[in-house]
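Engineer:
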Amino acid sequence: MFLPTTRDELNTLKWTQPDIILVTGDSYIDSPFIGIAVIGKVLTNAGYRVAVIAQPDIHSEKDITRLGEPFLFWAVSGGSIDSMIANYTSLKKKRKSDDYTPGGINNRRPDRAAIIYTNLIKQYFKSGKPILLGGIEASLRRIAHYDFWSDSIRSSILFDSKADFLLYGMADKSVLQFADAIKNGEDPNIIKGLCYIAGKADDIPDDYIELPNYDAVKSDKKAFIEMFHIFYRNNDPLDAKGLYQKHGTRYLVHNPPALPLTQQELDGVYALDFERAQHPYYEKQGTVKALETIKFSVSTHRGCYGECNFCAITVHEGRTVQWRSLKSILSEAEKIASLPDFKGNIVDVGGPTANMYGYECSKKLKTGSCKDKRCLYPEICPSMEINHNPQIELLQKIRRIKEVKKVFVASGIRYDMLLNDRQYGEKYLKELVKYHISGQMKIAPEHTEDSVLQRMGKPGKALLLQFKELFDKINRNAGKKQFLTYYLIAAHPGCTINDMKKLKSFSGRELKINPEQVQIFCPAPSTYSALMYYTESDPFTGKKIFVEKDPHRKEQQKDIVVEKQGYRGQSANTKRESGRTPARTTKNDRIKHRTG
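Numbered according to the working numbering, the sequence shown spans residues 112 to 707.
(1) Would a C-beta distance cut-off of 8 Å place valine 658 and methionine 643 closer than the cut-off?
(2) Alpha carbon to alpha carbon, how far is lysine 669 from proline 181?
(3) Going residue by residue through the region 275 to 353, where are the continuous alpha helix (DSSP H) segments of at least 4 residues, counting only ones entirely within it?
(4) Would you call the CB atoms of tyrosine 257 and alanine 641 closer than 8 Å?
(5) Within this structure, are the beta carbons of tyrosine 470 and asparagine 498 separated by less than 8 Å?
(6) Helix, strand or coil: which one does DSSP assign to phenylalanine 91?
(7) With respect to the beta strand (DSSP E) encompassing phenylalanine 617, which residues constitute its N-terminal and C-terminal limits?
(8) From alanine 465 to asparagine 420, what distance separates their C-alpha atoms?
(9) When DSSP builds the beta bridges, which residues end up paired with alanine 162?
(10) Assuming leucine 231 and isoleucine 192 form a contact by the criterion Cβ under 8 Å, report the distance between their Cβ atoms to the nearest whole angstrom.
(11) Taking arginine 710 as part of the beta strand (DSSP E), name the residues at either end of that continuous run.
(12) Which value, in whole angstroms, describes the spacing of the CA atoms of cysteine 415 and leucine 372?
(13) Would you report the Cα separation of glutamate 674 and isoleucine 512, rounded to the nearest angstrom?
(14) Between which two residues does the beta strand (DSSP E) containing glycine 461 stretch?
(15) Tell me the start and end of each unbroken alpha helix (DSSP H) in the region 536 to 587 that is at least 4 residues and wholly inside, in chain order.
(16) Could you check what DSSP says for alanine 601 in three-state terms: helix, strand or coil?
(17) On the premise that alanine 444 lies in contact with valine 409, defined as a C-beta separation below 8 Å, what is that separation, rounded to the nearest angstrom?
(18) Tell me, to the nearest whole angstrom, how far the beta carbon of lysine 484 is from that of cysteine 492; I am working on the premise that it is less than 8 Å.
(19) Measuring straight from C-alpha to C-alpha, what distance separates glycine 550 and aspartate 137?
(20) Mind checking which residues open and close the beta strand (DSSP E) that includes glutamine 630?
(21) Just to confirm the assignment, what range does the alpha helix (DSSP H) spanning leucine 243 have?
(22) Would you kindly report the start and end of the unbroken alpha helix (DSSP H) that includes tyrosine 645?
(23) Is there at least one non-hydrogen atom of the ligand MN closer than 7 Å to the beta-carbon of valine 409?
(24) Using alpha carbons as the reference points, say which of Arg253, Lys553, Thr135 lies closest to glutamine 166.
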């Protein structure tokens, strides 16, 4: 069942008012891939009356007031993507399309959507019902952060929006705790995963760590680096400390992260009754492109222990991978196969990275993430015992579902992990080559020069070549002509024109390709790469690094690789390639916020 979004639907349900109204920057798509839909169904399952207002008109009261006022609270999200990344390219040009807006035209999501929607509510409702922020925009902007679009350090979005509370991360469990607290008149400030504003230092728990204050980080880049290190190192639910940061005369209080869901709890979320469709009220305004990707896809897990410096997953979903049971995933695949418009193809079975399903570091699960090292970089930790067998078994069983003709793995894989798994890695790749790709396989080396890869937190090119050799060998043995597609980033901090020339040369010489999937780096809020971009230094060594900030020269870096007109070595067919429109945002890109 869809959550109600019109007064007629409320009347049909015999509701005088909802308990909670969710406001979102996306059209209302009832799917387990859409955060607002998941939160709404979780709350509904717990007995709350929940309604949705999607992409309200910000110039009038007609949308924001059509359901009246909620009995308990408002919950506001900018949508599935940070609104500034959704609205602008990495060269700060306005995007024309939006895969989450009816008709695909980017004309409904305002800049800084969470702030605008909160102010819209306050403009028309004066009773003071609490406003709760959530979603990826709130997660990435919950503390003082570098904002690429204004080229400045902005304060926590709680202060900018004047909302009352913020829940960061996935929030399935913490939003229920919040709703219960509001309903019962209890203090929500003790909830894990919650941020709130305190009027004085005496209101902050004694064991919380103080971050450098907003005025300091705004004026001193070293203080900003210090702040970000403390923030980042306190993101694991098992060992994180609470934080606080002074903003003017008040304090942002940042509770420790919520504990991840158990497998049983995660299975329960995905067992909820999702329509896997756009609400009819909004569908009349036009279909959404995103459904082409997510309607017939299955999410197998959450989180990522890759910790790429440009990626937002760690700050939002966390470094601990939580995976669903085999039974839960098969049940969802069977539901998809029974849909009347299912044509036999499951578009994707995966997560932020497909081959992280079914295993985790036992030490991390017991005591939390290591403070002094990462799971995969600069090399894979011996404690991370990688095992592709669970996903092999999963894919084999999905293939046996009667109505399923083809199961794709489109989320992308970490080839360094595949090569590390001596027992099952090659077998897994053989399965992918034989059954789960069609013509090409996407991987994301991001670059080929070791100095740039080091800034990104990505493995070196030696592993890329080793993987390509294995991939080509398996295809030859299988009698298939399939290819690798490489996702690459230009103008990342530390990357020069010369580095891009070397990438181009390496791609032609070793990979035998003319790269096409090249995107210009975009500094997503609260990532280490954004920290490097702003401070023009390596936060791990303190050394100054080159950072390209001129838009024209950023574009030059990309053009060198795709050989746009005017560059030496241009081939006859590159004029067509250079004129292509940017690739549509994929599910994986949306989650990662990997580039603009």
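Backbone N, C-alpha and C fix where the C-beta goes; we use that ideal spot for every residue, glycine too.
Structural biologist: Walking through what the data contain:
(1) yes
(2) 49 Å
(3) 283 to 295, 325 to 330, 332 to 344
(4) yes
(5) yes
(6) Within the shown structure, residues of the chain are numbered from 112 to 707, placing residue 91 beyond reach of any answer.
(7) Run containing phenylalanine 617: none in the beta strand (DSSP E); it sits in the alpha helix (DSSP H), 608 to 617.
(8) 19 Å
(9) Ile132
(10) Not really, about 20 Å apart at Cβ, beyond 8 Å.
(11) Because the chain is modelled from 112 through 707, residue 710 falls outside the range shown and cannot be assessed.
(12) 15 Å
(13) Each residue's alpha carbon lies about 45 Å from the other.
(14) Taken as a continuous stretch (DSSP letters only), the beta strand (DSSP E) holding glycine 461 covers 459 to 461.
(15) 536 to 542, 561 to 567
(16) strand
(17) The beta-carbon distance between valine 409 and alanine 444, rounded to whole angstroms, is 6 Å. This is short enough to meet the 8 Å contact definition.
(18) 7 Å
(19) Rounded to the nearest whole angstrom, the C-alpha separation of glycine 550 and aspartate 137 is 32 Å.
(20) 629 to 631
(21) Element bounds for leucine 243: not the alpha helix (DSSP H) but the beta strand (DSSP E), 242 to 245.
(22) 639 to 646
(23) The model on display carries no ligand, and the ligand MN is accordingly not part of it.
(24) Thr135
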